[in-house]
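Residue numbers (this note's numbering): 275 to 673. Below you'll find the structure, written out as structure tokens, and then a few comments.
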Ligand SMILES: *Cc1c(COP(=O)(O)O)cnc(C)c1O
């Protein structure tokens, strides 16, 4: 039996060839697109942003897109647009990046955490139902790892209780739910274009909606709530210089060259999606009979462009802890990460009064899981080595 590198054995990948859980795929073509954008008159506020927004609408079948500075800004804009304020409750997935809940706090609202399902790790629709009160105004549901949440069920709940559905689709651009692209289904869908996500703008985000009223608010809020459009003004324009602030917005604009990078990346979304599906298949195949770990259940309604690949250790079959397995896998040169600490377990949330035990499935998931290297630019060798490293550790630590 091969000795794990952490105990002095030979690592699957040496230090120079380590791979990490995520990485961007940027080519000369992307660099050229950015350079070309910078050579134009507009570094920000030019026509490229609108072109990229249009492309996002084509890809997702959404009517409207508002590009912004990052995925967190997109979530904040979404909460502002639906009018979240003090006293409002918003039900949020517990296993997600903190931004999915922070956006509610930014608006003075109260995040209410719903547990995850133990099989898909997406928000548990039954727990959402249990957490609705007469203060509930919205749900922020996260397509965790790229798999679409149960959108029909959530929309049904929203209809029954008059709530908004915000879909945090930071992981799921390119995913389809029952044949429809993510972006065209929830009241507002938000994307992130951070480098670890499926397509990148360096930093960037977007809000997608089909609702003209929400769109009107989103596109104002992204740039101070100031308009130069006479149709939106309360008064008559006093001259060519005139503009009006009609809402309290932010400067959450994206730059032209970020939008250009995103446009170039969106042209490759299909290829990225295909590669991500191939890698998921290879991992699923490799791990499905491995009793030391569990793989994420796939959701039949979701034609998934996978963003992360999570393995959940089976403590009954392994003699090591999650920490030991994590460190051992890192030592093999196929470096994992953990997504995520349940949001309410962060000290900041604890100080707000959220307590351990709130979402038992989320806490159990967190204690046993890690994300293994997963990105479109992985070679077949990278995939094979990651599998090899995990199998080596399973064999060594099997009870
Ligand atoms: C990345 C991410 C965000 C935040 O996006 P940024 O662009 O980094 O601000 C929000 N929610 C989820 C689920 C994410 O993964």
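The C-beta atom is built at its ideal place from N, Cα and C for all residues, glycine as well.
- Its Cα nearest to that of residue 344, the residue 496 stands out among 496, 430, 311, 320.
- Taking 8 Å as the upper bound for CB-CB distance, residue 326 and residue 537 are in contact here, some 5 Å apart.
- Taking every protein chain shown into account, the CB of residue 430 has fewer than 16 other CB atoms within 10 angstroms, so this residue is exposed.
- In this chain, the alpha helix (DSSP H) harbouring residue 558 covers 543-561.
- If you measure from each CB to the nearest heavy atom of ligand 1, the residues under 6 Å come out as 344, 345, 346, 370, 371, 373, 374, 416, 442, 444, 445, 466, 468, 479.
- Buried is the label assigned to residue 390, since at least 16 other Cβ atoms lie within 10 Å of its Cβ.
- Secondary structure of residue 594 (DSSP, three-state): coil.
- Sixteen is the threshold: since fewer than 16 other Cβ atoms of the shown chains lie within 10 Å of the Cβ of residue 562, the residue is exposed.
- Here residue 359 is exposed: its Cβ has fewer than 16 other Cβ atoms, across all protein chains shown, within 10 Å.
- With a cut-off of 8 Å on Cβ pairs, the region 408-422 is in contact with the region 569-582, counting three or more such pairs.
- DSSP places residue 494 within a helical segment (H, G or I) once states are collapsed to three.
- The count of Cβ pairs closer than 8 Å, one atom from the region 360-369 and one from the region 611-618, reaches three, so the stretches are in contact.
- Within the model, the alpha-carbon separation for residue 435 versus residue 402 is close to 12 Å.
- Around the beta carbon of residue 440, 16 or more other beta carbons sit within 10 angstroms, so the residue counts as buried.
- Out of 669, 627, 647, the CA that lies nearest to the CA of residue 659 is found in 647.
- Closest by C-alpha distance to residue 661, out of 608, 640, 628, is 608.
- Scanning 549, 385, 371, 346 for the CA closest to the CA of residue 448 turns up 549.
- The region 429-473 contains, as complete beta strand (DSSP E) runs of 3+ residues, the segments 438-442, 462-466 (chain order).
- For the options 427, 594, 652, the alpha carbon positioned closest to that of residue 554 is the one of 652.
- Rounded to the nearest whole angstrom, the C-alpha separation of residue 498 and residue 383 is 21 Å.
- Exclusion of the five residues before and after residue 656 leaves 293 as the residues of its chain whose Cβ lies within less than 6 Å of its Cβ.
- Going by C-alpha positions, residue 470 is about 28 Å away from residue 634.
- In chain order, 399 place their CB closer than 8 Å to the CB of residue 427, counting only its own chain and leaving out the 5 sequence neighbours on each side.
- No Cβ-Cβ contact shorter than 8 Å links residue 594 with residue 668.
- Taking a C-beta distance under 8 Å as the contact criterion, residue 342 and residue 378 do not qualify as a contact pair.
- Exposure of residue 291 is indicated by the presence of fewer than 16 other C-beta atoms within 10 angstroms of its C-beta.
- Taken in chain order, the whole beta strand (DSSP E) runs of length 3 or more contained in the region 629-656 are 643-646.
- In the three-state reduction of the DSSP assignment, residue 411 falls in the strand class.
- Counting along the chain, the unbroken beta strand (DSSP E) around residue 587 starts and ends at 583-587.
- Counting the other Cβ atoms within 10 Å of the Cβ of residue 385 gives 16 or more, which makes it buried.
- Of the residues assessed, residue 451 falls on the buried side of the cut-off, its CB having 16 or more other CB atoms within 10 angstroms.
- Straight-line spacing of the CA atoms in residue 349 and residue 481 works out to 8 Å.
- Taken through DSSP and simplified to helix, strand or coil, residue 389 comes out as coil.
- The region 353-397 is shown to contain whole beta strand (DSSP E) runs of 3 or more residues at 363-367, 384-388, in chain order.
- Distances from the CA of residue 557 to each of 572, 425, 545 were compared; the closest alpha carbon is that of 572.
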